[in-house]
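Residue numbers (the numbering used here): 1135 to 1267.
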């Protein structure tokens, strides 16, 4: 069920107030800034890894130990940054484009902020379900 005009207006006002009060928090909640940064690090790490392989091969072919060692170090660094960024991206949660439905809240959650958010989500669901019937 779509939001009424008043609810949409109130939601937009809340979003604008949040963005004005704390722009970094608003950006974090949107997630676009973090995903873009993670995507950029993954691409750069992949390019670094491939460049490291090329340097390693050039070092082996040219019998130049320093070039080979630098290539190996670049490969290791690229792999490290790729894997750590990939894992942190998975911990943060899936993309909005791949997410189908929000997870159901667990009863008796220990964290205060989690329980607050879960209560708000439940209240919203109940309100939406009651007005739809």
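Just so you know, even glycine gets a beta-carbon here, dropped at the ideal spot from N, CA and C. Keep in mind the model is a prediction, meaning the values are calculated, not measured.
**Prompt:** How about residue 1212 and residue 1186: do their beta carbons lie closer than 8 Å?
**Reply:** yes
**Asked** Does DSSP classify residue 1137 as helix, strand or coil?
**Response** coil
**Item:** Beta-carbon separation (whole angstroms), residue 1215 vs residue 1188, contact threshold 8 Å
**Value:** Contact flag wrong, Cβ pair sits at about 18 Å.
**Item:** residue 1196 - DSSP class collapsed to helix/strand/coil
**Value:** coil
**Item:** For residue 1156, the three-state DSSP class (helix, strand or coil)
**Value:** coil
**Prompt:** Nearest to residue 1221 by alpha carbon, out of 1251, 1177, 1172, 1264?
**Reply:** 1172
**Asked** Using CA coordinates, which residue listed in 1252, 1219, 1200 is at the minimum distance from residue 1169?
**Response** 1219
**Prompt:** Anyone know if the C-beta pair for residue 1152 and residue 1145 falls short of 8 Å?
**Reply:** no
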